[in-house]
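Numbering (the UniProt record's numbering), first residue to last: 1 to 98.
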């Protein structure tokens with residue numbers, strides 16, 4: 001995904017959607033969607049883990065089983081054949097109920 005590609009597609013109405021993934025599949029789903037030409041976002045948080053006495057800092061998704069996708073309605077319709085997608089209205093409703 002290049003900066004020029006994003007600029008060329010800003011004239012179309014885009015919204016943020018959430019693509020639901022399987023367990024621990026956020027980064028692979030993000031990569032696959034980006035290869036298909038979609039704008040994606042997965043927020044990562046640093047955590048420290050210990051393996052065999054060594055402490056290592058790794059980055060894990062802040063929101064599990066979710067990839068945020070910035071897409072048009074047409075792009076989302078094409079993705080719905082392969083992924084479960086939450087529309088913006090559902091996201092807003094969930095946020096308001098908290």
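C-beta: ideal position from N, C-alpha, C; glycine also.
Review point. Quick one, are the C-beta atoms of residue 24 and residue 70 less than 8 Å apart?
Key: Working through the chain shown from its first residue, we reach residue 24 at position 24. Working through the chain shown from its first residue, we reach residue 70 at position 70. No, Cβ-Cβ distance for residue 24 and residue 70 is not below 8 Å.
Review point. With distances taken between CB atoms, is the gap from residue 67 to residue 92 smaller than 8 Å?
Key: Start at 1 with the first residue of the chain shown, and residue 67 comes out as number 67. Start at 1 with the first residue of the chain shown, and residue 92 comes out as number 92. Going by C-beta atoms, residue 67 is not nearer than 8 Å to residue 92.
Check your understanding: By Cβ distance below 6 Å, which residues in the same chain neighbour residue 86 in space, the five residues on each side in sequence not counted?
Key -> Translated into positions along the chain shown, residue 86 becomes position 86. Cβ neighbours of residue 86 beyond the five flanking positions: 18.
Point to revise | Delimiting residues of the beta strand (DSSP E) encompassing residue 82 | key: Against the chain shown, residue 82 aligns to sequence position 82. Unbroken run through residue 82: none, as it is neither H nor E.
Check your understanding: Closest by CA to residue 57, which one among 45, 20, 39, 36?
Key -> Here residue 57 is taken as the residue at index 57 of the chain shown, counted from 1. Closest option to residue 57, Cα to Cα, is 45.
Point to revise | Paired residues, beta bridge with residue 61 - DSSP | key: Here residue 61 corresponds to residue number 61 of the chain shown, with the count starting at 1. Looking at the DSSP assignment, residue 61 forms a beta bridge with 44.
Check your understanding: Are residue 43 and residue 62 touching if we call contact CB-CB under 8 Å?
Key -> As a position in the chain shown, residue 43 is number 43, starting the count at 1. As a position in the chain shown, residue 62 is number 62, starting the count at 1. Their beta carbons are under 8 Å apart, which means residue 43 touches residue 62 by this criterion.
Check your understanding: Nearest-angstrom Cα distance between residue 84 and residue 27?
Key -> Residue mapping note: residue 84 aligns to position 84 of the chain shown, counting from 1. Residue mapping note: residue 27 aligns to position 27 of the chain shown, counting from 1. Those two C-alpha atoms are separated by around 16 Å.
**Study point:** residue 77 versus residue 54: straight-line alpha-carbon distance, rounded
**Key:** Taking the chain shown and counting its residues from 1, one reaches residue 77 at position 77. Taking the chain shown and counting its residues from 1, one reaches residue 54 at position 54. So the two alpha carbons sit approximately 46 Å from each other.
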